[in-house]
Every structure is written in structure tokens, then in C-alpha cells.
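S.K.: Quick one: the structure is below, and I'll ask about it shortly.
There are 2 protein chains.
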Amino acid sequence: MSDIAVQSETPVNPLEELGNILDSDMRAVNTLILKYMDSPVKLIPQLASYLIAAGGKRIRPLLTLASTAIYEGDMTRAHRLAASVEFIHTATLLHDDVVDGSEERRGQDAANLVFGNQASVLVGDFLFSRAFQLMTEDGSLDVLRILSNASAIIAEGEVMQLTTANNLSTTMDEYLQVIEAKTAALFAAACEVGPIIAGADTAQAKAMADYGLNMGIAFQIADDTLDYMAQREKLGKTIGDDFREGKITAPVLFALAKADDQERKFWHRTLVDLNQNDDDLQEACTTIKKHNAIESCSNLAMTYKCKAIEALRLAPETKLRNLLEELTDYTITRKF
Amino acid sequence: MSDIAVQSETPVNPLEELGNILDSDMRAVNTLILKYMDSPVKLIPQLASYLIAAGGKRIRPLLTLASTAIYEGDMTRAHRLAASVEFIHTATLLHDDVVDGSEERRGQDAANLVFGNQASVLVGDFLFSRAFQLMTEDGSLDVLRILSNASAIIAEGEVMQLTTANNLSTTMDEYLQVIEAKTAALFAAACEVGPIIAGADTAQAKAMADYGLNMGIAFQIADDTLDYMAQREKLGKTIGDDFREGKITAPVLFALAKADDQERKFWHRTLVDLNQNDDDLQEACTTIKKHNAIESCSNLAMTYKCKAIEALRLAPETKLRNLLEELTDYTITRKF
């Protein structure tokens, strides 16, 4: 794919720039999303559009589109598979919010609060089925294998996360296993699909999958770190979701490793017993900062970012590849 | 497939006889089920085996095995697809129990009570993904199309059921749409898969799908009727689950059609307002009996039974076909 000049007055971030370059493709993906989330049972499109229309970064379908375009694959096929990837993601969000008892998602009340847990579970199942209908229409068994494997791994990661929550003896290795499964596996699959449908060789597909996997791990570490960055509250962002649920994430693990007795008692009370008062989140943020845990997280994310960029070297050098490279930086330095 | 002599001292029902004839195949299916529900995340096989080991009639995988054997298809492929069908069914049971807040399933505490709603949702997702991994391994896009369509229809039916629950203006037609989608679609798919992998012609595949669809509708009408048959309590069976949830099912619809003002108030209080006292289930059963609603349900189920048998006529005449025919009778006359 040749470079495409982007007409832009103001500097845009790599995610926006990907969105600009792939704008007509993303429109086609959105049209498919609207078509496939429709149903004579009107509660389904109501609930699905509530979540999907609320936006989100659309990073996963963009990865599928970009990874197909880089290898000059058939973009019509990429549209279907990007929609499929977004449906899998949306289904997991709906189920996650039920599982976590979430109150907010994408800056609005979570779907389970508005439509109930029952509808959220079932519409998630519907979108998941739609994802497989889209893949079946595409007809590539390789793609079906990649995305059904990823779906099983995501569910495994989510269950593993349940077993590590409220458990202070969770190791960094276990945490990394969880985020690799629950987040990075779908990033990897979204990226691998491109070279696969473009008929690129196995090494190229593996390289793109490695890029996605490592980018996904870096992305989730950054996400988990942002949840303890008190200054985000000034931007109107909610923090502390993981804290309230007692999830054991990277910033907590780094702080725990340096915790004295009193701090261990604090983490035990707040994350294991979930006995939390109003000042506890602030104290958690302060303790995490004191032990340089934010910096440690940043360094950890950086190592995965480097692996992602390393994997990307094998891909054809195009404007889009450069943007995917920049995206890794953006992913771990974003403040929202 | 030639007839197989069954050595049996005591008369067995057609479901047991199918199980006897297909015993070695069902063992192969069970081995696959155990293999594919395994995971390094031990909560997954724990929860899945809790439900799967509790038994259940295994009617859906038996339908896939029988419909393949009738057309002399590859039984090794049938094993995989029967396991896939059972995984889809198990996933929907896990999600249903969360949605319904069920307390009991297959004679034991429901999985959501033992392992929590969170784990039930996520293990359901895992089994659903495994179903698609099994289908992908089989490699038939026709099968993938049939079963991904069925999965989407099941979810649609479940959501539609949410919107008809507690709604006395639900029509018989809407009720039939719900049960066709939530139950019969998977029966149809389970039966259609056989002739498809055996390479039978379209008419044969359609006939088996029609058999499954109509059998599934009859099966669900019978199931919904049994929930109001007070005499089952003497057999140690729970009744009244649908009543307690305010589901609008065939026996209620027939009784409603003949209800006087006082009865309409009763149904409104109990099924719409869910304001129920200890004697209400007994009164519901009495009212249903008074209006001959059980008989009306039986007649309704009978019409679908006849359609099922009619569809089956096109299939090759074998012992297994005869058993499938007998199964329709058994399905609507069973007392448990």
C-alpha cells in the first residue's frame, strides 16, 4: 500500500491518523456493525447501539483494517472481520460489566444498569454469535481458528482474573497471564487476520500477531496504571474502578513488593476484605506513587512496547506500519 | 445404516434406546467434552463438570449422532459436532440460570449459586468459544453457518422471552416464536448437521431440520406444561419455576383465554406484579386444570409432533429413524 497524504491542519495522534486514513473503511465497518446488530427483537439493537454508539476507541477494528491494508489484502473482507472483532470485544464488555457490577462505561451509565444484567448477558451472546456469522460468511477457516481460539483464551483470562481478584499472593507472572489472555489475545488476533486474508506467509502473520500481543499487554498495563493516577480526576475521568473491585494489577503489585507491615494491612483491608472508606483510594494512589510504582509500570509497559515494535520490523515499510509503531508509544503514554 | 438388534430384558424408552444403540459414539462425545472443557484455569473444568456431570438427557448430541448415522455419515465428525452442540446448550443453560436467578438445575443447586454469577457467565462464554473451535476443526462452513445462525437465534429468543415475561398481552404466536428460537432452533441445527456432513441432498437436510424444529417446539410446550402439573411434586420434581418468574407459557395462555375477571386479577397479581403467596402456585395449577389448559397444551404439542413425523418420512427408513419417530411421542408424553 502506498503512502497516503493526510490533509490535516492540526497534529493528530496516531490513532486519529489511522482513523483518518482508514476513514472510508471504518465507515464500511460501521455500516456492517449496524446491519448485523439489527434484529426483529428491538431490545437487541437498542442495547447494542447504546454501547456501540457511545464510541470507544475502535482500536481493534482499526488494527484489522491496518494489518490488511499493509499486506494489500481485500479490504471488503477486512470490513467483515473488523466488524467481527468489534462484536467479540463488545460482547466481552457487556459480560464484563455484568461480572464487575460496573456502573459506568464509555462515559455513560453501563448497559447493565440501564437495561438490566439479563439483557446484557443475552445481547452479549447475540453479538458473539453474530461475530461467528460474519466470520463464516468470510469463509476462511484460518480466521475462524484464530478468532475462536482468541475467544476461548479471553474467557479463560476473565475467569483467571476472578481467581486472582482479592488475592494478594497473586504474582506478577499471573497478572501478566491474565492481561495477555483477557486483552492481548484479541489484539493479536485482530492483527493476525490481516496478513492471513492477504495470503502473506506464516512469518508475516506471526509477526503481526506478536505485534498485537505485545501492544495489547502494554495497552492493558497502561490502562491499569491510569486507574491509580489521581491527576486524571481533574480531567473528569473516573479512577479507582480496579481498586473498588479488589483487582490485583501492576501498580498494586509493584507497591505491594515494597510494602511495610502497615501498608500490607492497608492493602489487605481494602483489596481482600473490600472494607474501604472514602479516603482509601487517595491513600492507595499516594502509596503507589511513593514506591515509584507508576514508573515501574511505565517501564514494564515499555518492554512490551519494544517487543511490539521489534515484531513489526518484518512488516512491509509503509505509512500504516509507521503509524502502528507510533501507536504503541501513544498507547502507553496516553493520559485518558 | 442397517438395523441393530438391541439386547434388552426390560422395555426401554426411545431416548434410552437411542443411547444404547449409540453408546460407543456417546462415549466418544463424552471424551471430547471432557477434553475440550479442560483448561489450566481450574475453575473452568470445575464449574463445567459440575453441570455436565449432573447429566441431563443429552438429547441434542444424540440427535446429531442419530441424524449422521441415518445418512451413513462419518461418525468421527459427528462426535465433534455433537460435542459442539452440547457445549452451545450448556453455555445457554449457564447463562439462563444467571438470567433467571435459578436455584436448581438437573436436581442440584444451580451452578450460579455454587460458583457465582460471574463465573457462570464467563464459563458459558468459554464453552461457547470451545463449540466454535470444535466446528472449525471439523472444517465445514455449512455446519458453521447452521450453528452460528442457531446461536444468534437462540439469543434472540432469550431476549424476546425477557420482553414477554410478566406481560399478559403476550400472544400465543409470540410464545411460539420464543420457544422456536430459544429451544427448537438448536434441535433443528443438531439434526441438520447429520445429513450435511453425510453429503445428503438439500431436501434431506431440510427434512431433518424440520423434524428437529417441530420436535423442539413440541418438547418445549411439554416442558412448559409439566411446570404446572401438580402431581409431579409427588415424584420429587420441582414445579412452578416459570410461575415464580412470571414467564408467559402455553398453559397460562390457554387459561388466560378463558379467564373471568377474578382469574385475570389473579394472573396479573402473580405473573405481572410477581406478588405471590404460598398457595398461589396450587391455585394456578387448579385454574389451569379447570380450563382444560393441560389438554389444550397436549393438543398443541401433538400438532408439532405430527409435523415432525411428517418431515421424517423423507429420511431413509432405518431403526434409528423409527426411534426418532418414537422420540417425538415420548417427548410430549413424558411425566418428568
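If you're matching them up, the sequences are chains V and P in order.
So the first sequence is residues 17 to 352, counted in my numbering.
So the second sequence is residues 17 to 352, counted in my numbering.
Cβ atoms here follow ideal geometry from the backbone N, Cα and C, with glycine treated the same way.
Bear in mind that the values here come from a model prediction, so they are computed numbers and not experimental data.
What does D141/P touch in chain V if you count any residue whose Cβ is under 7 Å from its own?
M.R.: Locating residue 141/P in the second sequence gives position 125, counting from the first residue. Within chain V, the residues near D141/P are H111 and A171.
S.K.: Taking only the alpha-carbon atoms, compute the straight-line gap between T218/V and L242/V and give it to the nearest angstrom.
M.R.: The residue given as residue 218/V occupies position 202 in the first sequence. The residue given as residue 242/V occupies position 226 in the first sequence. Approximately 36 Å, taken between the alpha carbons.
S.K.: Let's test the definition: count the other Cβ atoms within 10 Å of the Cβ of S185/V and tell me whether it reaches 16, buried, or not, exposed.
M.R.: In the first sequence, residue 185/V corresponds to position 169, counting from 1. Under this definition S185/V is an exposed residue.
S.K.: Which of the three DSSP states is assigned to R121/V in this structure?
M.R.: Mapped onto the first sequence, residue 121/V falls at position 105. It is a strand residue.
S.K.: Under 7 Å Cβ to Cβ from S167/V, same chain only, skipping five residues before and after it: list those, please.
M.R.: In the first sequence, counting from the first residue as 1, residue 167/V sits at position 151. For S167/V, where only same-chain residues beyond five positions count, the Cβ hits under 7 Å are I104.
S.K.: In this structure, how does DSSP classify S185/V when only helix, strand and coil are distinguished?
M.R.: Position 169 of the first sequence, counting from 1, holds the residue named residue 185/V. Coil at S185/V, not helix or strand.
S.K.: Under 8 Å by Cβ, that's how I've got F148/V and L63/V pegged, so tell me the actual separation to the nearest angstrom.
M.R.: Translated into the one-based positions of the first sequence, residue 148/V becomes position 132. Translated into the one-based positions of the first sequence, residue 63/V becomes position 47. So it is not a contact: roughly 19 Å between Cβ atoms.
S.K.: Please decide whether Q124/V counts as near chain P, where near means a Cβ-Cβ distance under 8 Å.
M.R.: Working through the first sequence from its first residue, we reach residue 124/V at position 108. False, the Cβ-Cβ gap to chain P never drops below 8 Å.
S.K.: Starting from T344/V and walking both ways along the alpha helix (DSSP H), at which residues does that stretch end?
M.R.: The sequence position of residue 344/V within the first sequence is 328, counting from 1. From DSSP, the alpha helix (DSSP H) with T344/V extends over K335 to T349.
S.K.: Shorter than 8 Å from the beta carbon of I213/P to some beta carbon of chain V?
M.R.: Translated into the one-based positions of the second sequence, residue 213/P becomes position 197. Judged by the 8 Å Cβ criterion, I213/P is not in contact with chain V.
S.K.: For the alpha helix (DSSP H) that contains M151/V, what are its first and last residues?
M.R.: Residue numbering aside, residue 151/V sits at position 135 when the first sequence is read from its first letter. Its alpha helix (DSSP H) spans residues N133 to D154.
S.K.: Between N183/P and chain V, is any beta-carbon pair separated by less than 8 Å?
M.R.: Within the second sequence, the letter at position 167 stands for residue 183/P. False, the Cβ-Cβ gap to chain V never drops below 8 Å.
S.K.: Please list the terminal residues of the continuous alpha helix (DSSP H) segment that includes E32/P.
M.R.: Position 16 of the second sequence, counted from the start, is the residue given in the question as residue 32/P. Segment P30 to I37, the alpha helix (DSSP H) holding E32/P.
S.K.: Using a Cβ-Cβ distance under 8 Å, would L229/P count as near chain V?
M.R.: On the second sequence, position 213 is the one that residue 229/P refers to. No, L229/P does not count as interfacial toward chain V.
S.K.: Taking the alpha carbon of A44/P as the point to measure from, which residue in A238/P, A197/P and S100/P has its own alpha carbon closest?
M.R.: For the purposes of this step, residue 44/P is taken as the residue at position 28 of the second sequence. Here the closest residue by C-alpha is S100/P.
S.K.: Pull up the distance between the alpha-carbon of Y346/P and that of N29/P, whole angstroms please.
M.R.: Position 330 of the second sequence, counted from the first residue, corresponds to residue 346/P. Position 13 of the second sequence, counted from the first residue, corresponds to residue 29/P. Approximately 7 Å between the Cα atoms of the pair.
S.K.: Going by CA-CA distance only, name the one from M42/V, L50/V and A85/V that's closest to K73/V.
M.R.: Locating residue 73/V in the first sequence gives position 57, counting from the first residue. For K73/V, the nearest C-alpha among the options comes from M42/V.
S.K.: Residues of chain C with a CB under 7 Å from the CB of F144/P: which are they?
M.R.: Of the chains in the structure shown, none is chain C; the protein chains are V and P.
S.K.: In terms of residue numbering, what span does the alpha helix (DSSP H) encompassing D295/V cover?
M.R.: Taking the first sequence and counting its residues from 1, one reaches residue 295/V at position 279. No alpha helix (DSSP H) holds D295/V; DSSP gives it neither H nor E.
S.K.: Does the distance from the C-beta atom of C203/V to that of F235/V stay below 8 Å?
M.R.: Your numbering for residue 203/V matches position 187 in the first sequence. Your numbering for residue 235/V matches position 219 in the first sequence. According to the sequence as given, residue 203/V is Phe; it is not Cys. Closer than 8 Å, so yes.
S.K.: Which residues mark the beginning and the end of the alpha helix (DSSP H) in which K274/P is found?
M.R.: Position 258 of the second sequence, counted from the first residue, corresponds to residue 274/P. Counting along the chain, K274/P falls outside any alpha helix (DSSP H), and DSSP gives it neither H nor E.
S.K.: Can you give the beta carbon distance from Q134/V to L143/P, rounded, assuming they're within the 8 Å contact cut?
M.R.: In the first sequence, counting from the first residue as 1, residue 134/V sits at position 118. In the second sequence, counting from the first residue as 1, residue 143/P sits at position 127. Their Cβ separation, rounded to whole angstroms, is 19 Å, which puts Q134/V and L143/P out of contact at 8 Å.
S.K.: Out of T47/P, I169/P and A85/P, point me to the one whose CA is closest to K335/P's CA.
M.R.: Within the second sequence, residue 335/P is the residue found at index 319, counting from 1. Per the Cα distances, A85/P.
S.K.: Just checking, does the segment 268-282 of chain P make contact with the segment 299-316 of chain P on the three C-beta pairs under 8 Å criterion?
M.R.: Result yes; three or more Cβ-Cβ pairs closer than 8 Å.
S.K.: Looking at the unbroken alpha helix (DSSP H) that takes in S55/P, where does it start and where does it end?
M.R.: On the second sequence, position 39 is the one that residue 55/P refers to. Here S55/P belongs to no alpha helix (DSSP H), and DSSP marks it neither H nor E.
S.K.: One question on the structure: do L6/P and A127/P come within less than 8 Å of each other, judged by their Cβ atoms?
M.R.: Since the first residue of chain P shown is 17 and the last is 352, residue 6/P is not available in this structure.
S.K.: Decide if P211/V is buried, meaning its Cβ has at least 16 other Cβ atoms within 10 Å, or exposed.
M.R.: Taking the first sequence and counting its residues from 1, the one referred to as residue 211/V is at position 195. By the neighbour-count rule (16 or more Cβ atoms within 10 Å), P211/V is buried.
S.K.: Would you say A206/V and R93/V are within 8 Å of each other, going by their C-beta atoms?
M.R.: To locate residue 206/V, count along the first sequence from 1; it is residue 190. To locate residue 93/V, count along the first sequence from 1; it is residue 77. No, the Cβ-Cβ distance between A206/V and R93/V is not below 8 Å.
S.K.: Would Q220/V be called buried (16 or more neighbouring beta carbons within 10 Å of its own) or exposed?
M.R.: Residue numbering aside, residue 220/V sits at position 204 when the first sequence is read from its first letter. Burial call: buried.
S.K.: Report yes or no: is there a C-beta of chain V within less than 8 Å of the C-beta of L157/P?
M.R.: Working through the second sequence from its first residue, we reach residue 157/P at position 141. So, interface residue.
S.K.: Expressed to the nearest angstrom, what Euclidean distance is found between the alpha-carbon atoms of C322/P and T349/P?
M.R.: In the second sequence, the residue the question calls residue 322/P occupies position 306. In the second sequence, the residue the question calls residue 349/P occupies position 333. If you take the alpha carbons of C322/P and T349/P, they lie about 14 Å apart.
S.K.: Can you give me the C-alpha to C-alpha distance between I8/V and A200/V, rounded to a whole angstrom?
M.R.: Residue 8/V lies beyond the stretch modelled for chain V, which goes from 17 to 352, so this question has no answer here.
S.K.: For a contact defined as C-beta to C-beta under 8 Å, what are the partners of V115/V on chain P?
M.R.: Counted from its first residue, the first sequence places residue 115/V at position 99. Neighbours of V115/V on chain P, chain order: N133, Q134, V137 and L138.
S.K.: Listed in chain order, which residues of the segment 176-203 of chain P have Cβ atoms closer than 8 Å to some Cβ of chain V?
M.R.: For the segment 176-203 of chain P, which is checked against every Cβ of chain V, the residues closer than 8 Å are M176, L178 and T179.
S.K.: For my contact list, Y244/V and I255/V are in at a C-beta cut-off of 8 Å; report their separation, rounded to the angstrom.
M.R.: The count along the first sequence starts at 1 and reaches residue 244/V at position 228. The count along the first sequence starts at 1 and reaches residue 255/V at position 239. Going by Cβ atoms, the distance from Y244/V to I255/V rounds to 7 Å, so yes, they are a contact pair.
S.K.: From which residue to which residue does the alpha helix (DSSP H) around A201/P run?
M.R.: Sequence index remark: in the second sequence, residue 201/P carries index 185 (1-based). Residues A201 to I213.
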